[in-house]
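Trainee: Please read through the structure below; I'll follow up with questions.
6 protein chains.
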Amino acid sequence: MATVALLSDEDLSPEVAAVFADIRAVRGTDYVNNFWRALANDPSLLKATWGRLKDVMAPGALDPLIKEMLYVAVSTANGCEYCTHSHTAGARAKGMTDAQYGELLAVIGMAMQTNGLVNAMQVPVDEAFEV
Amino acid sequence: MATVALLSDEDLSPEVAAVFADIRAVRGTDYVNNFWRALANDPSLLKATWGRLKDVMAPGALDPLIKEMLYVAVSTANGCEYCTHSHTAGARAKGMTDAQYGELLAVIGMAMQTNGLVNAMQVPVDEAFEV
Amino acid sequence: MATVALLSDEDLSPEVAAVFADIRAVRGTDYVNNFWRALANDPSLLKATWGRLKDVMAPGALDPLIKEMLYVAVSTANGCEYCTHSHTAGARAKGMTDAQYGELLAVIGMAMQTNGLVNAMQVPVDEAFEV
Amino acid sequence: MATVALLSDEDLSPEVAAVFADIRAVRGTDYVNNFWRALANDPSLLKATWGRLKDVMAPGALDPLIKEMLYVAVSTANGCEYCTHSHTAGARAKGMTDAQYGELLAVIGMAMQTNGLVNAMQVPVDEAFEV
Amino acid sequence: MATVALLSDEDLSPEVAAVFADIRAVRGTDYVNNFWRALANDPSLLKATWGRLKDVMAPGALDPLIKEMLYVAVSTANGCEYCTHSHTAGARAKGMTDAQYGELLAVIGMAMQTNGLVNAMQVPVDEAFEV
Amino acid sequence: MATVALLSDEDLSPEVAAVFADIRAVRGTDYVNNFWRALANDPSLLKATWGRLKDVMAPGALDPLIKEMLYVAVSTANGCEYCTHSHTAGARAKGMTDAQYGELLAVIGMAMQTNGLVNAMQVPVDEAFEV
Numbered sequence: 201m202a203t204v205a206l207l208s209d210e211d212l213s214p215e216v217a218a219v220f221a222d223i224r225a226v227r228g229t230d231y232v233n234n235f236w237r238a239l240a241n242d243p244s245l246l247k248a249t250w251g252r253l254k255d256v257m258a259p260g261a262l263d264p265l266i267k268e269m270l271y272v273a274v275s276t277a278n279g280c281e282y283c284t285h286s287h288t289a290g291a292r293a294k295g296m297t298d299a300q301y302g303e304l305l306a307v308i309g310m311a312m313q314t315n316g317l318v319n320a321m322q323v324p325v326d327e328a329f330e331v
Numbered sequence: 201m202a203t204v205a206l207l208s209d210e211d212l213s214p215e216v217a218a219v220f221a222d223i224r225a226v227r228g229t230d231y232v233n234n235f236w237r238a239l240a241n242d243p244s245l246l247k248a249t250w251g252r253l254k255d256v257m258a259p260g261a262l263d264p265l266i267k268e269m270l271y272v273a274v275s276t277a278n279g280c281e282y283c284t285h286s287h288t289a290g291a292r293a294k295g296m297t298d299a300q301y302g303e304l305l306a307v308i309g310m311a312m313q314t315n316g317l318v319n320a321m322q323v324p325v326d327e328a329f330e331v
Numbered sequence: 201m202a203t204v205a206l207l208s209d210e211d212l213s214p215e216v217a218a219v220f221a222d223i224r225a226v227r228g229t230d231y232v233n234n235f236w237r238a239l240a241n242d243p244s245l246l247k248a249t250w251g252r253l254k255d256v257m258a259p260g261a262l263d264p265l266i267k268e269m270l271y272v273a274v275s276t277a278n279g280c281e282y283c284t285h286s287h288t289a290g291a292r293a294k295g296m297t298d299a300q301y302g303e304l305l306a307v308i309g310m311a312m313q314t315n316g317l318v319n320a321m322q323v324p325v326d327e328a329f330e331v
Numbered sequence: 201m202a203t204v205a206l207l208s209d210e211d212l213s214p215e216v217a218a219v220f221a222d223i224r225a226v227r228g229t230d231y232v233n234n235f236w237r238a239l240a241n242d243p244s245l246l247k248a249t250w251g252r253l254k255d256v257m258a259p260g261a262l263d264p265l266i267k268e269m270l271y272v273a274v275s276t277a278n279g280c281e282y283c284t285h286s287h288t289a290g291a292r293a294k295g296m297t298d299a300q301y302g303e304l305l306a307v308i309g310m311a312m313q314t315n316g317l318v319n320a321m322q323v324p325v326d327e328a329f330e331v
Numbered sequence: 201m202a203t204v205a206l207l208s209d210e211d212l213s214p215e216v217a218a219v220f221a222d223i224r225a226v227r228g229t230d231y232v233n234n235f236w237r238a239l240a241n242d243p244s245l246l247k248a249t250w251g252r253l254k255d256v257m258a259p260g261a262l263d264p265l266i267k268e269m270l271y272v273a274v275s276t277a278n279g280c281e282y283c284t285h286s287h288t289a290g291a292r293a294k295g296m297t298d299a300q301y302g303e304l305l306a307v308i309g310m311a312m313q314t315n316g317l318v319n320a321m322q323v324p325v326d327e328a329f330e331v
Numbered sequence: 201m202a203t204v205a206l207l208s209d210e211d212l213s214p215e216v217a218a219v220f221a222d223i224r225a226v227r228g229t230d231y232v233n234n235f236w237r238a239l240a241n242d243p244s245l246l247k248a249t250w251g252r253l254k255d256v257m258a259p260g261a262l263d264p265l266i267k268e269m270l271y272v273a274v275s276t277a278n279g280c281e282y283c284t285h286s287h288t289a290g291a292r293a294k295g296m297t298d299a300q301y302g303e304l305l306a307v308i309g310m311a312m313q314t315n316g317l318v319n320a321m322q323v324p325v326d327e328a329f330e331v
């Protein structure tokens with residue numbers, strides 16, 4: 201269960217309906233997932249979040265697939281179940297292979313491990329890393 | 201300060217010295233950073249960690265630069281100062297451009313934000329995300 | 201499922217029953233939620249936790265509604281599903297409006313985002329922030 | 201040290217200088233803190249972040265002081281040193297008293313504690329919390 | 201639901217079947233839990249993870265029961281539901297008493313609380329703690 | 201720097217001085233570390249925190265050394281620099297050997313790694329783990 205209602209298409213104000221129409225147009229699918237249906241309870245938060253996400257995840261210096269994998273990495277470290285599922289599905293939809301997914305998991309596991317070791321030993325930053 | 205001494209090259213047992221030699225050979229540099237000098241206090245932990253890191257970060261289905269950026273993403277979410285510095289430096293050394301770094305930051309910020317929104321609203325996972 | 205049994209009213213020792221009676225009296229409701237029914241397996245932990253919570257969440261320099269919203273903020277950042285639900289419900293019961301909830305979500309999302317950006321760039325603390 | 205240079209006023213492009221001018225105008229101070237000087241390396245990220253922060257932290261259904269305290273709560277849970285310092289200073293500048301700060305700390309400590317207990321016992325969410 | 205299929209015994213390649221056989225032999229039980237059935241999709245990740253876990257959790261300077269409790273402590277702080285369940289069950293199977301579990305919970309709660317207070321106040325490390 | 205002043209012995213109210221005297225008596229040392237000097241700004245928070253810590257960390261079903269190591273495990277996962285230093289020093293003062301510390305580090309690293317893998321794959325909890 202969520203802390204808010206998940207709005208269905210019949211429940212939307214014109215302002216929210218316009219955002220949903222843009223989500224559908226940009227993504228090329230009629231499906232609007234639960235995150236947006238939850239955010240729809242607060243139109244200004246919905247608009248700001250979608251507007252920014254659309255920009256950030258667009259093709260640029262990094263490929264959209266790489267961006268989805270980075271999103272999975274952050275979401276995993278934060279223990280966000282929904283985000284992990286939605287962006288893993290997003291990465292697969294953008295062509296992530298099983299081999300790439302296996303390496304993504306391996307890097308996440310390795311990073312978590314050395315994050316723990318470094319935090320436990322409180323290793324001081326090398327001067328060599330300075331910009 | 202660290203919770204353990206950072207071992208210098210003169211302090212190393214033959215077992216540890218062999219790992220340091222492999223680090224230098226694989227990375228093509230004489231510089232061995234503080235993380236390994238801290239781990240050197242426990243030769244078996246050093247060997248296991250380096251052995252696994254060498255495998256995980258090697259070229260494969262994902263480019264080593266992408267792996268470094270994924271490492272930065274996890275380390276940032278975990279708030280690991282040392283790891284963030286070392287892998288940002290690593291990504292730069294592997295050719296990360298300013299534009300790529302800017303997009304990496306933008307994705308991290310976006311993921312953190314929606315992780316927070318999703319966790320706050322406890323959005324249920326869509327059936328559409330099922331494997 | 202939980203790692204411990206959730207004790208029902210029939211299962212309680214006199215010591216635990218007295219704590220439950222105090223929870224009911226302080227909160228003005230007969231309902232005792234699952235957290236306390238789980239903690240009831242360890243009477244000393246139950247007493248210490250309830251005793252402290254009662255003091256901390258009482259009206260003081262901060263309004264109880266504000267305290268519930270702060271609780272939601274921490275619980276969200278820690279990814280605690282149960283705590284997020286229970287304290288969001290608590291905030292609503294204390295009068296949180298939809299507009300206040302929308303702004304709470306927006307602040308959480310903003311803070312998560314800039315926490316990520318700051319951790320990624322490892323921004324040094326300004327001297328101007330010193331006490 | 202940061203992973204990027206902190207830009208001084210002499211280093212700014214006109215686009216970034218305009219954002220800094222807005223920060224100064226909105227806050228009523230000439231001081232621009234390090235977070236913005238780090239973000240200034242990526243003008244689009246700077247503009248998006250400041251634009252959103254300005255909206256989110258403005259007076260609304262919640263008082264700006266309450267928003268700063270919520271920001272401290274999230275930043276603390278995420279272990280963000282810089283954010284904790286900057287928003288604690290921000291809360292003080294907006295009138296947070298010592299008594300309010302003491303209660304903020306107490307709520308953070310309490311929430312962290314019960315987040316840990318709940319996560320350890322994996323307490324199931326009460327149906328009573330459903331919207 | 202998981203992001204990958206959970207492989208049953210009939211689905212295993214000879215390489216994976218050999219790892220499962222070792223898990224059964226080392227643990228003295230025919231039961232192989234879901235974590236390994238998920239990892240089985242990537243044989244090299246499965247082998248590396250099981251090989252390391254077997255070494256780390258073996259009796260040594262710390263008792264296996266203590267290691268399970270440490271595992272619960274880390275998993276709880278990270279909010280990992282599965283890991284908390286599996287290692288709490290593991291600790292009970294190794295003889296953890298209710299009294300020990302109550303104290304484990306109390307220490308976790310205390311540590312979470314003071315972690316929050318320290319992070320909020322940004323207490324500087326005492327020189328007396330230096331190695 | 202901290203967000204509050206660290207109080208020296210000359211700055212203490214009688215109420216706080218009494219707590220400091222108890223800290224010294226229980227620990228058998230004249231040294232009072234910075235955490236308590238920061239908390240001393242809020243006498244009621246100081247008293248509640250010290251009172252609870254004294255109970256939780258006392259010998260019981262778990263040895264005080266084990267409790268210190270559990271504290272290090274939680275503090276590391278939460279990235280709390282001060283807490284990691286103070287409780288690692290505390291564990292050493294209670295007799296933690298280098299071999300025990302090496303295994304503590306190895307378990308922390310292992311747990312972090314599998315926490316990440318499990319969170320990434322969202323492995324469902326086995327029915328076999330039910331109480």
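From first to last, the protein sequence lines are chains S, E, X, D, W and G.
Convert by adding 200 to the 1-based position in the first sequence; the result is the number in our numbering.
Convert by adding 200 to the 1-based position in the second sequence; the result is the number in our numbering.
Convert by adding 200 to the 1-based position in the third sequence; the result is the number in our numbering.
Convert by adding 200 to the 1-based position in the fourth sequence; the result is the number in our numbering.
Convert by adding 200 to the 1-based position in the fifth sequence; the result is the number in our numbering.
Convert by adding 200 to the 1-based position in the sixth sequence; the result is the number in our numbering.
For every residue, glycine included, the Cβ atom is placed at its ideal position computed from N, Cα and C.
1. 8 Å is my cut-off, CB to CB: does X/E281 come that close to chain E?
2. Using a Cβ-Cβ cut-off of 8 Å, state whether X/R227 counts as contacting chain D.
3. Using a Cβ-Cβ distance under 8 Å, would D/H285 count as near chain W?
4. When the Cα atoms are used, what is the spatial distance from E/S286 to W/Q313?
5. Looking only at C-alpha atoms, which of W/T284, W/A273, W/M257 sits nearest to X/L203?
6. Nearest chain S C-beta to D/T203 closer than 8 Å, yes or no?
7. Along the stretch 293-307 of chain E, what residues have a CB closer than 8 Å to any CB found in chain X?
8. Would you call W/E281 buried or exposed, if buried means 16 or more other Cβ atoms sit within 10 Å of its Cβ?
9. With DSSP run on the structure shown, which of helix, strand or coil describes S/N319?
10. If the cut is a Cβ gap below 8 Å, which residues of chain D does X/G260 touch?
11. Please look up how many angstroms separate the CB atoms of S/A299 and E/A261, rounded, as I've assumed it's under 8 Å.
12. Could you name the residues of chain D that E/T288 contacts, counting a contact when the two beta carbons are closer than 7 Å?
13. Thinking C-alpha only, which one of X/W236, X/V219, X/D209 is nearest D/V325?
14. Quick one: is D/A335 near chain X, going by C-beta distance under 8 Å?
15. Take G/M321 as the anchor and find which of S/L304, S/V226, S/E327, S/A238 has the nearest alpha-carbon.
16. Note down, in chain order, every chain D residue with its Cβ under 8 Å from the Cβ of X/K267.
17. Can you check whether the C-beta of G/V216 is within less than 8 Å of a C-beta belonging to chain W?
18. For X/N233, decide whether its Cβ has a neighbour in chain E, counting only Cβ atoms nearer than 8 Å.
19. Are the beta-carbon atoms belonging to E/V219 and E/K247 less than 8 Å from one another?
20. Would you identify the three-state DSSP class for D/K254, choosing helix, strand or coil?
21. Kindly indicate which residue of G/A328, G/V331, G/P259, G/G316 has the alpha-carbon position closest to the one of G/V226.
22. For D/L206, which of helix, strand or coil comes out of DSSP?
23. Any idea what DSSP makes of W/C280, helix, strand or coil?
24. Using the C-alpha atoms, what's the distance from W/V232 back to D/M296?
25. Please classify S/E268 as buried or exposed, where buried requires at least 16 other C-beta atoms within 10 Å of its C-beta.
26. Kindly list the residues whose CB is nearer than 8 Å to the CB of D/K294, restricted to its own chain and excluding five residues on each side of it in sequence; keep chain order.
27. Do you know whose CA, among S/N278, S/E215, S/G279, lies nearest S/L239's CA?
28. Does the beta carbon of E/P264 fall short of 7 Å from some heavy atom of the ligand MG?
29. May I have the straight-line CA-CA distance separating W/I223 from D/S244, to the nearest angstrom?
30. How many Å lie between S/L270 and E/A277 at the Cα?
31. For D/T288, which residues in the same chain have their Cβ closer than 6 Å to its Cβ, ignoring the five residues on either side in sequence?
32. I need the DSSP call for W/N234, collapsed to helix, strand or coil.
33. With a threshold of 16 other CB atoms inside 10 Å of the CB of S/A328, please say whether the residue is buried or exposed.
34. Can the beta-carbon of D/G316 be found closer than 8 Å to that of W/G309?
35. Could you spell out where the alpha helix (DSSP H) holding W/P214 opens and where it closes?
36. Quick check on the burial criterion: 16 or more other C-beta atoms within 10 angstroms. Buried or exposed for D/G290?
Mentor: Looking at the atomic coordinates:
1. True, the Cβ-Cβ gap to chain E drops below 8 Å.
2. no
3. True, the Cβ-Cβ gap to chain W drops below 8 Å.
4. 30 Å
5. Checking the sequence shown, residue 203 of chain X turns out to be Thr, not Leu. Checking every option, the nearest Cα to that of X/T203 belongs to W/T284.
6. yes
7. L304, L305
8. buried
9. Three-state result, S/N319: helix.
10. A299, E303
11. 4 Å
12. T203
13. X/W236
14. The first residue shown for chain D is 201 and the last is 331, placing residue 335 of chain D beyond what the model contains.
15. Cα-wise, what sits closest to G/M321 is S/L304.
16. E303, V307
17. no
18. no
19. yes
20. helix
21. G/P259
22. coil
23. coil
24. 55 Å
25. buried
26. Once the five neighbours on either side are set aside, the close Cβ partners of D/K294 are P264, L265, E268.
27. It is S/E215.
28. Only the bare structure without any ligand can be found here, which leaves the ligand MG out of the picture.
29. 52 Å
30. Distance between S/L270 and E/A277, taken at the CA atoms: about 11 Å.
31. V272
32. Helix, per DSSP.
33. exposed
34. Cβ distance < 8 Å, so D/G316 and W/G309 count as in contact.
35. Counted as a single uninterrupted DSSP element, the alpha helix (DSSP H) harbouring W/P214 occupies residues 214-227.
36. buried
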